[in-house]
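In short: position in the sequence shown from 1, add 1, done, that's my numbering. Each residue gets a CB set at the ideal place from its N, CA and C atoms; glycine is no exception. The structure presented is a predicted model; accordingly, all values stated were derived computationally and were not measured. Worksheet for the structure shown next.
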Amino acid sequence: MSLDFSKPPEMKIFPYDANDPAAFLDRAEESWSTDPVFNNLQWALSLRFCQEAGPYAAAIFEEAGNRWIGLQTVAKRPMILNGPDELSEGVVRAILDYFPASAGLTASKSIVAQLAPAWGKQIVDTVPMYLYELSALDPTVKFEGQLRQVGQNDRERLVQWIEKFAIAINERLIGRNYREEADKMIAGGQIWFLEINGQVVSMAGSTRSVGGVACVNYVYTPEESRGRGFASSNVGLLSEYLLRSHQKTCLYAEEGYPASNRVYQKLGYEIVSRVVEVDFKQDS
Numbered sequence: 002m003s004l005d006f007s008k009p010p011e012m013k014i015f016p017y018d019a020n021d022p023a024a025f026l027d028r029a030e031e032s033w034s035t036d037p038v039f040n041n042l043q044w045a046l047s048l049r050f051c052q053e054a055g056p057y058a059a060a061i062f063e064e065a066g067n068r069w070i071g072l073q074t075v076a077k078r079p080m081i082l083n084g085p086d087e088l089s090e091g092v093v094r095a096i097l098d099y100f101p102a103s104a105g106l107t108a109s110k111s112i113v114a115q116l117a118p119a120w121g122k123q124i125v126d127t128v129p130m131y132l133y134e135l136s137a138l139d140p141t142v143k144f145e146g147q148l149r150q151v152g153q154n155d156r157e158r159l160v161q162w163i164e165k166f167a168i169a170i171n172e173r174l175i176g177r178n179y180r181e182e183a184d185k186m187i188a189g190g191q192i193w194f195l196e197i198n199g200q201v202v203s204m205a206g207s208t209r210s211v212g213g214v215a216c217v218n219y220v221y222t223p224e225e226s227r228g229r230g231f232a233s234s235n236v237g238l239l240s241e242y243l244l245r246s247h248q249k250t251c252l253y254a255e256e257g258y259p260a261s262n263r264v265y266q267k268l269g270y271e272i273v274s275r276v277v278e279v280d281f282k283q284d285s
C-alpha cells in the first residue's frame, strides 16, 4: 500500500481526556447509539475508562462526514470498529500517529489490511470473530439446570475458571489480576454459574450493558463437563434472564470453534458482523 503523507489530513481529531471524559463520551455516543449491538464493546470500554486509572488512549477521527473511533487499552491493541472500511490517507496517518506503538489491532478485515502494512507490522496471529445478536430465544430450545449468581463463597473457583478461560482463548487475558477480575464481577453481580443436581458445571457473564444491549461473555465449561449441552443451557438461561431488562443481548464468538457457534445459532443468535483480532510481530 503506497501512502502519500505529504498532505496534511483534512480532518478533526477529538482525543479522550481523562480530566474531561464527558466531552469524548458525548460525541462518541452520538455514533454508538445508532447501533448499540455493534458498538457495545467500544461503548462499554469507554465507560470503563472513566472509572479506572490506566494507560488508556482513545480518539474520534472525523473526515468528510465520516467518523472512526479508536480505543486502546493496556494491551496496546487498538480497536477501530466504526466508520467506513475504506480509510483515506489522512485517516490512516492520524490513526498511526495517535497509536504509534501497536501490539495488534481489532477491526474489520479491510481496515486491518490497510493499517498493518502502514504501521510496517507483520501479522503473526489472526483471530476472526463473529458478532451475534439476540432479540428472542428460540422457544423450542429447552434448558437444563439452574442459573445462580456467583457469590463470595465461590471466589476461589471463579478465580481458577477465569484463568482457565484466559488460557482457552489463547491467553488474551493473561497479565490481568484474576482475583481483581473475580472481585469486580462478584461485586457487580455480573457472573453466573450453572448448577446441575447441585454441581457447578459451567459459567457465563455479562460485564457490558449499554444502550439497551447486554453482552454475554466469559462463557466457560471445564473439560470434564463438556459435550453435555451445559454451555447451551448456561448461555440460554442467562440470555433469557438478560432479555427481561434489555432489548437485546449480544456476544462475540471465534469462528474457529464451530461447536460453540452452532450452540449460539440454535439458541436464536444471529450473526450481524465479523471482525478480526490480530497480533503483530514485535521488534526485538
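Where residue i sits in the DSSP three-state scheme
i: Gln153; result: helix
i: Pro79; result: coil
i: Gln147; result: strand
i: Asp280; result: strand
i: Tyr221; result: strand
i: Arg245; result: coil
i: Glu87; result: coil
i: Arg275; result: strand
i: Lys267; result: helix
i: Asn20; result: coil
i: Ala215; result: strand
i: Asp126; result: strand
i: Ser226; result: helix
i: Leu294; result: The shown model of the chain, from 2 to 285, leaves out residue 294, and the question about it has no answer.
i: Ser233; result: helix
i: Ile175; result: Confidence in Ile175 is poor, its pLDDT being 49 and thus under 50, which makes the residue's placement unreliable; the coordinate value appears in the next sentence. DSSP places Ile175 in coil when its eight states are reduced to three.
i: Val92; result: helix
i: Ile170; result: coil
i: Tyr99; result: helix
i: Asp184; result: helix
i: Ser34; result: coil
Beta carbon of residue i nearer than 8 Å to that of residue j
i: Ser47; j: Asp86; result: no
i: Leu238; j: Leu148; result: yes
i: Glu64; j: Glu30; result: no
i: Phe25; j: Asp36; result: no
i: Glu224; j: Gly146; result: no
i: Ser240; j: Val217; result: yes
i: Val151; j: Trp193; result: yes
i: Val277; j: Val93; result: no
i: Ala183; j: Ser203; result: no
i: Leu106; j: Arg78; result: yes
i: Met80; j: Gln52; result: no
i: Val125; j: Phe281; result: yes
i: Leu82; j: Asn40; result: yes
i: Val166; j: Ser234; result: In the sequence on display, residue 166 carries Phe and not Val. No, the pair does not count as a contact, with Cβ atoms beyond the cut-off.
i: Val38; j: Val214; result: yes
i: Tyr253; j: Leu138; result: no
i: Ala117; j: Val279; result: yes
i: Pro129; j: Glu256; result: yes
i: Ser103; j: Trp120; result: yes
i: Phe62; j: Pro22; result: no
One or two residues paired with residue i in a DSSP bridge
i: Trp193; result: Gln150 and Ala205
i: Trp69; result: Phe62
i: Phe15; result: Ile61
i: Leu252; result: Tyr133
i: Ala108; result: Ile81 and Val277
i: Gln200; result: Ile197
i: Ser210; result: Ala215
Exposure of residue i, with buried meaning 16 or more beta-carbon neighbours within 10 Å
i: Pro101; result: exposed
i: Gly199; result: exposed
i: Thr222; result: buried
i: Ala188; result: exposed
i: Asn178; result: exposed
i: Glu1; result: In the structure as shown, the chain begins at 2 and stops at 285. Residue 1 is therefore absent and cannot be evaluated.
i: Ala205; result: buried
i: Gln115; result: buried
i: Arg263; result: exposed
i: Ile168; result: exposed
i: Arg227; result: exposed
i: Gly66; result: exposed
i: Ser34; result: exposed
i: Arg275; result: exposed
i: Ala60; result: buried
i: Ile163; result: buried
Distance cut-off 7 Å: residue i Cβ against heavy atoms of the ligand HEM
i: Glu90; result: No copy of the ligand HEM appears in this structure; indeed no ligand is present at all.
Report yes or no: do the stretch 62–81 and the stretch 241–256 share at least 3 C-beta pairs separated by less than 8 Å?
no
Assess contact between the stretch 88–101 and the stretch 265–276, defined as three or more Cβ pairs (one per stretch) separated by less than 8 Å. Is contact present?
no
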